[in-house]
Amino acid sequence: MKLSVSSSSNSSGSSGPSGSSGKAAADRDWFIPEDGRKQLAQLFAKLPNPVVLDVFTDGDAKNAFNGYTLRFAEDISLIVDKISMNHHALDSEEAKRRGVTLSPTMFVGTGETDPALDYRIRFTGAPLGEEGRALVESIFLVSLRQSGLTETSRRILSELKEPRRPRVFSSPGCPYCPGQFMHAAKCAIERPGLVEAECVNSDEFPDLSKKFGVGSVPHTQYDATHKAIGLMPEERFVLELVTLKNAEELMREHGMEPGHEGHDHAHGAHGAHGMDPEGLDVVETDMVVLGAGPAGLSAAIYAERSGMKTVVLDKAVVGGQVTVTPVVENYPGFTDIAGLKLVEVLSAHARQYATVRENEAVHEIKIGKFLEVYTNRAVYLCKALVFATGAQWRKLDAPGEARFYGRGVSYCASCDGFMYRGKRVAMIGGGNSALTDALHLKNLGAEVTVIHRRDSFRAEKALQDSLAREGIAVIWDTVVEEVLGDTVAPVEGAGGDGKEAKAAGTAPAEADAGVVRGIRVRNVKTGEVSELPFDGVFVAIGHIPNSEQAAELGVVLEKDGSIKVDRHMRTNIPRIYAAGDVTGGVRQIVTAVGSGATAALAAFEDTQNPYWKKKGA
Numbered sequence: 001m002k003l004s005v006s007s008s009s010n011s012s013g014s015s016g017p018s019g020s021s022g023k024a025a026a027d028r029d030w031f032i033p034e035d036g037r038k039q040l041a042q043l044f045a046k047l048p049n050p051v052v053l054d055v056f057t058d059g060d061a062k063n064a065f066n067g068y069t070l071r072f073a074e075d076i077s078l079i080v081d082k083i084s085m086n087h088h089a090l091d092s093e094e095a096k097r098r099g100v101t102l103s104p105t106m107f108v109g110t111g112e113t114d115p116a117l118d119y120r121i122r123f124t125g126a127p128l129g130e131e132g133r134a135l136v137e138s139i140f141l142v143s144l145r146q147s148g149l150t151e152t153s154r155r156i157l158s159e160l161k162e163p164r165r166p167r168v169f170s171s172p173g174c175p176y177c178p179g180q181f182m183h184a185a186k187c188a189i190e191r192p193g194l195v196e197a198e199c200v201n202s203d204e205f206p207d208l209s210k211k212f213g214v215g216s217v218p219h220t221q222y223d224a225t226h227k228a229i230g231l232m233p234e235e236r237f238v239l240e241l242v243t244l245k246n247a248e249e250l251m252r253e254h255g256m257e258p259g260h261e262g263h264d265h266a267h268g269a270h271g272a273h274g275m276d277p278e279g280l281d282v283v284e285t286d287m288v289v290l291g292a293g294p295a296g297l298s299a300a301i302y303a304e305r306s307g308m309k310t311v312v313l314d315k316a317v318v319g320g321q322v323t324v325t326p327v328v329e330n331y332p333g334f335t336d337i338a339g340l341k342l343v344e345v346l347s348a349h350a351r352q353y354a355t356v357r358e359n360e361a362v363h364e365i366k367i368g369k370f371l372e373v374y375t376n377r378a379v380y381l382c383k384a385l386v387f388a389t390g391a392q393w394r395k396l397d398a399p400g401e402a403r404f405y406g407r408g409v410s411y412c413a414s415c416d417g418f419m420y421r422g423k424r425v426a427m428i429g430g431g432n433s434a435l436t437d438a439l440h441l442k443n444l445g446a447e448v449t450v451i452h453r454r455d456s457f458r459a460e461k462a463l464q465d466s467l468a469r470e471g472i473a474v475i476w477d478t479v480v481e482e483v484l485g486d487t488v489a490p491v492e493g494a495g496g497d498g499k500e501a502k503a504a505g506t507a508p509a510e511a512d513a514g515v516v517r518g519i520r521v522r523n524v525k526t527g528e529v530s531e532l533p534f535d536g537v538f539v540a541i542g543h544i545p546n547s548e549q550a551a552e553l554g555v556v557l558e559k560d561g562s563i564k565v566d567r568h569m570r571t572n573i574p575r576i577y578a579a580g581d582v583t584g585g586v587r588q589i590v591t592a593v594g595s596g597a598t599a600a601l602a603a604f605e606d607t608q609n610p611y612w613k614k615k616g617a
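In our numbering, the protein residues as written are 1 to 617.
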């Protein structure tokens, strides 16, 4: 396997090989573990065209990320002949040509010198966390020389006339960040002369993050003034990239009714209607599962093994709430496993059987001879439909919460926790999620205080014991009355014109919206009101079922908004089932998996022996 590595600097301007195949590779002190190398070798085995990784570092030996990035890129370039790597100094002519000022920086491209033929896909910071997924996908798309954008996105992007450089700020633990950045990377491949996509590790470059007011990730900075928070649908991302305006009204101009399909930590997804089915692919299948969390993936496995061809659709990414669970300690067979790792296990198993499609939101469902499921990419005709749509985070509904969302208020400790190392944070809640997140934040180096409205936790005893063992402070019998913050002056180059831009269905996220400085709380027993200083406020006070689309079909809901089901996970409408957190209950991973299996088995039985026909006989 051949390695092409070169170095360049201002002083010499020369380049030459620094690695080779054969014995050099065999004797190499690998940075990527052996199992990881084997997986990448399989993934990259059929790359059709060359890919070049250009790495820029400043030579600072104290910056460990320089070495990590360089070794990581070198390892990748050794895996397959189609990938090569060049190493450049930060003061080189090549760095000046590309406008590189931060170390480490990595570009993924074709190696062409003509800007119209090369792709400008930039990783600022070491892509060793969740960003690594985006790096792998970028390599694939660059090798294919295809963007992978939908026809709608390509049509919108064709209207772009001016250069764009969307920056997506991420963190190593954010499962939603790779998806948001890939929207930008695909645009860079589709319009190589106009778009440069940049993924910025917000933890490695806190000053740059502060400049653009990054308080929650993924944070997308389209230009100096327009920004968005959260994982957005592809078409909406492209529309905002082209227009630099809020997409709500603009989507209607392009024939799309806006919903809030993107992940935004705080707000749920609401279905959009009126999508013109003309030109959409028609897919016939036995079952469609809405939601790719544990319940949905389990349903897919059991349905396929029963002989039912199944498609799983998720508006965001695979895994649901589990993806942002730092550690899972109560799933049988795993005494201690990261939520993302458990998702990988479940997802890999499900994909052996079923088709799983991410970032594909459902716009409309119709009931007829077949159940018809409409997305922006296809119409699915099926015999059975399972709602495994999960639940969204419940908000405090306190003054200041929406204003400071993304500026100190967060609902995702896994996504945003890294930005609060060494800072004071409040964890609001008393259940398993709240205590798990509090322990995670403590482990990251934050100074954590748990605030709970009762005098005892409802979380598992094991979590309570861990909280006490870690010495995390608790304030009992207390509710949040208001989130407090300071208004800051606009930062030059970061925007902030006072306009409220609702990004991805979230609260305004302008650079001058302010930053959290604390909370006003009230003791529910004494009535005493006080102000407590905090740099961040994390909220985990329960969930609201994502049952809107089911309700629109006439599915009966419980008083709390969860879908009402029988012991077979059947709803009141024949051929429609529900499983997981959307049905309420204890909301545990293991029970979600069980309910998904039950729903699939019931659907299979009902397609063979329809119970509704027996009732009508």
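The C-beta atom is built at its ideal place from N, Cα and C for all residues, glycine as well.
- In summary, Phe-457 is buried, with 16 or more beta-carbon neighbours lying within 10 Å of its beta-carbon over all protein chains present.
- Just so you know, the alpha carbons of Thr-225 and Asp-437 end up roughly 32 Å apart.
- If you draw a straight line from the Cα of Val-582 to the Cα of His-183, it comes to about 29 Å.
- Under the DSSP definition of a beta bridge, Pro-545 partners with Ala-391.
- Of the other Cβ atoms in all chains shown, fewer than 16 fall within 10 Å of the Cβ of Phe-334; this residue is therefore exposed.
- The secondary-structure analysis by DSSP pairs Ile-156 with nothing; it has no beta-bridge partner.
- Under the DSSP assignment, Gly-293 falls outside any alpha helix (DSSP H); it carries neither an H nor an E label.
- Closest in C-alpha terms to His-88, from the list Ile-76, Val-80, Pro-104, Lys-82, comes Pro-104.
- By the Cβ neighbour-count rule, Gly-307 is exposed, with fewer than 16 other Cβ atoms within 10 Å of its own.
- Contact between the stretch 332-348 and the stretch 278-289 is absent: fewer than 3 CB-CB pairs across the two stretches fall below 8 Å.
- Only buried fits Arg-236, as 16 or more other CB atoms lie within 10 angstroms of its CB.
- Within the stretch 354-408, the runs of beta strand (DSSP E) at least 3 residues long that lie entirely inside it are, in chain order, 355-357, 362-367, 371-375, 378-382, 384-387, 391-393.
- Ala-350 is a Cβ neighbour of Leu-297, given a cutoff of 7 Å.
- Distance between Pro-178 and Asp-416, taken at the CA atoms: about 14 Å.
- Excluding residues up to 5 positions away in sequence, Phe-387, Ile-563 lie with their Cβ nearer than 6 Å to the Cβ of Ala-550 in the same chain.
- Straight-line measurement puts the Cα of Asp-118 at about 5 Å from the Cα of Glu-112.
- Straight-line measurement puts the Cα of Leu-144 at about 26 Å from the Cα of Ala-95.
- Per DSSP, Arg-587 lies in no beta strand (DSSP E) segment and is marked neither H nor E.
- The continuous beta strand (DSSP E) containing Ala-197 extends over residues 196-201.
- Nearest in C-alpha terms to Gly-215, of all of Glu-130, Leu-601, Phe-404, Glu-460, is Phe-404.
- Each of Val-317, Gly-431, Ile-451 was checked against the Cα of Lys-461, and the nearest Cα belongs to Gly-431.
- Counting along the chain, the unbroken beta strand (DSSP E) around Glu-284 starts and ends at 281-284.
- In this structure, Glu-198 keeps its C-beta atom at 7 Å or more from the C-beta atom of Ala-188.
- Collapsing the DSSP output to three states places Arg-236 in a helix.
- Of Tyr-420, Pro-545, Glu-162, Gln-608, the smallest CA-CA separation from Gly-585 is found for Pro-545.
- Taking C-alpha positions only, Trp-476 is separated from Asp-455 by approximately 5 Å.
- Of all C-beta pairs linking the stretch 309-326 to the stretch 433-449, three or more are shorter than 8 Å, placing the two stretches in contact.
- Below 8 Å, enough C-beta pairs join the stretch 121-132 and the stretch 67-77 to call them touching: three or more.
- Contact between the stretch 407-426 and the stretch 525-535 is established, with three or more Cβ pairs separated by less than 8 Å.
- In this structure, DSSP gives Val-593 a helical state, which the three-state scheme calls helix.
- According to the DSSP secondary-structure assignment, Thr-449 is paired through a beta bridge with Ala-426, Ala-473.
- Val-590 and Ile-121 have their C-alpha atoms spaced approximately 40 Å apart.
- Per the coordinates, the alpha-carbon of Arg-98 lies some 37 Å from the alpha-carbon of Asp-486.
- For Gln-42, the enclosing alpha helix (DSSP H) stretches over residues 34-44.
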